[in-house]
Every structure is written in structure tokens, then in C-alpha cells.
Amino acid sequence: MREVVAHESVPPTVRTAAGPATELDLTGDVAHPARLTVPDLHAWPQHAAQVAFECNTSGSRQHRFTGPLLLDVLMDAGPAFDPARRKDRLRFLVAVRGADGHRALLSWAEIDPDFGRAPVLPAATFDDTPLDRAGAQLVVPQDRCGARYISGIEAIRVDGGYAAWP
Ligand SMILES: Nc1nc2c(c(=O)[nH]1)N[C@H]1C(S)=C(S)[C@@H](COP(=O)(O)O)O[C@H]1N2
Ligand SMILES: [Mo]
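What follows is the structure, given as C-alpha cells:
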């Protein structure tokens with residue numbers, strides 16, 4: 002397992018698991034839409050991230066997450082671009098939605114190895130606790146603020162709409 006961000010370690014906290022197991026719908030402009038459980042996320046190489054972020058309401062937070070690279074998961078779904086053409090990839094967005102309706106966008110370029118190279122994860126564990134029931138959590142190590150660390154992910158949508166604009 003590769004460490005993507007190093008900070009001092011913190012005592013683990015327990016995330017309450019509630020409701021039925023969350024599945025994640027991977028849809029949009031992809032050749033192979035998928036419905037993934039959190040255990041399914043172990044099918045890709047696992048990365049660890051020790052992260053720190055600020056929350057407007059709860060202050061400084063530090064957590065450890067593990068999971069696959071979002072890039073690896075999305076590439077296996079077959080995004081509708083020519084992978085050999087950088088300018089083609091630049092026109093894509095990735096939308097992530099939590100079960101409570103909280104949502105945020107990433108640009109494809111943020112996670113692309115030729116551009117931002119951000120090691121964004123859909124995490125399968127949170128402070129060494131499996132997220133099998135709570136749902137995957139987006140880990141965005143480049144963010145100072147925690148608002149894009151979307152928990153209980155229920156959908157990820159790849160959007161190539163800007164490829165045809167206008
Ligand atoms: N689904 C969902 N995820 C969310 C939020 C939310 O409202 N809904 N709030 C975000 C915000 S504002 C912060 S700061 C972090 C807080 O993460 P923590 O409580 O696990 O430290 O969760 C993020 N993830
Ligand atoms: Mo926050």
C-alpha cells in the first residue's frame with residue numbers, strides 16, 4: 002500500500018454505521034456503468050491517505066483513509082474520451098453525490114496524471130474502520146477545507162458535456 006500524504010498519526014475515531022449497506026452508482030459518459038459496494042472497491046490497488054482539513058463548524062480534523070484511486074475506478078468504467086488525447090480529457094467533469102444530497106464536482110484534470118495528479122480516493126475505510134455500511138467517502142487530499150470529503154457516496158457521474166459545447 003502506498004502512502005499518498007503523510008501527517009502525524011491521530012487516534013482512531015469510530016464512524017457510526019447506519020441503515021442498509023450503501024452502493025455506489027457509477028454512471029454518465031462511460032462505456033461500462035457500474036454499481037459498486039464498498040467491498041468491491043478492494044478490487045483495485047489500495048492507497049492510504051493521512052489527511053488534515055478544516056471545517057467551518059467543527060474546526061481542524063485529521064483522519065486516515067484507505068481505498069483505490071478514483072482515477073483507476075473511473076478509467077475501468079471507460080470514460081467517453083480518447084485516453085491518448087490530453088485535450089479531450091480536459092473537457093470532462095466528475096460529479097459526486099452523497100446519500101444526503103450533498104454534492105460536489107471535480108474536473109477530470111484534477112485527478113489526471115498529466116495535470117493535477119491529485120490522489121483522490123473513494124475511501125473504503127475511515128480511521129481503520131470499514132465503511133461497508135456507511136458508504137464510501139471521497140478523500141480530496143489537496144483540499145484545505147473538508148466540504149468535498151463527501152461521505153455516504155451513492156453516485157458518481159462522469160460528464161463529458163463540455164466536450165460538445167457549443
Ligand atoms: N454526505 C456528506 N458528506 C459530507 C458533508 C455533508 O454535509 N454530507 N459535509 C462535509 C464537510 S463540510 C466536512 S468538514 C466533512 C467533515 O468530516 P468529518 O466529520 O468526518 O471530520 O465532511 C464533509 N462530507
Ligand atoms: Mo465542513
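According to the working numbering, the residues represented by the sequence shown are 2 to 167, in order.
Where is the CB? At the ideal position from N, CA and C, for every residue including glycine.
Excluding the 5 residues flanking residue i on each side, which residues of the same chain have their C-beta closer than 7 angstroms to its C-beta?
{"i": "residue 177", "result": "Any answer about residue 177 is impossible in this case: the structure gives the chain only from 2 up to 167."}
{"i": "residue 61", "result": "53 and 55"}
{"i": "residue 103", "result": "151"}
{"i": "residue 83", "result": "89"}
{"i": "residue 108", "result": "94"}
Is residue i buried or exposed, if buried means 16 or more other CB atoms sit within 10 Å of its CB?
{"i": "residue 106", "result": "exposed"}
{"i": "residue 136", "result": "buried"}
{"i": "residue 33", "result": "exposed"}
{"i": "residue 166", "result": "exposed"}
{"i": "residue 124", "result": "buried"}
So what does residue i bridge to, in DSSP terms?
{"i": "residue 61", "result": "55"}
{"i": "residue 160", "result": "94"}
{"i": "residue 39", "result": "None; residue 39 has no bridge partner."}
{"i": "residue 147", "result": "Residue 147 is not bridged to any residue."}
Leaving out five residues on either side along the sequence, give the residues of the same chain with a beta carbon under 6 angstroms from the beta carbon of residue i.
{"i": "residue 37", "result": "25"}
{"i": "residue 164", "result": "92"}
For residue i and chain C, any beta-carbon pair shorter than 9 angstroms?
{"i": "residue 62", "result": "No chain C is part of this structure, which consists of one protein chain only."}
| field | contact_flag[the stretch 98 to 115, the stretch 39 to 52] where n(CB pairs < 8 angstroms) is 3 or more | value | Output reads no: the stretch 39 to 52 does not touch the stretch 98 to 115.
| query | Mind pulling the beta strand (DSSP E) runs of 3 or more residues that sit fully within the stretch 99 to 141? | reply | DSSP runs (the beta strand (DSSP E)) wholly in the stretch 99 to 141: 104 to 108, 122 to 124 and 138 to 140.
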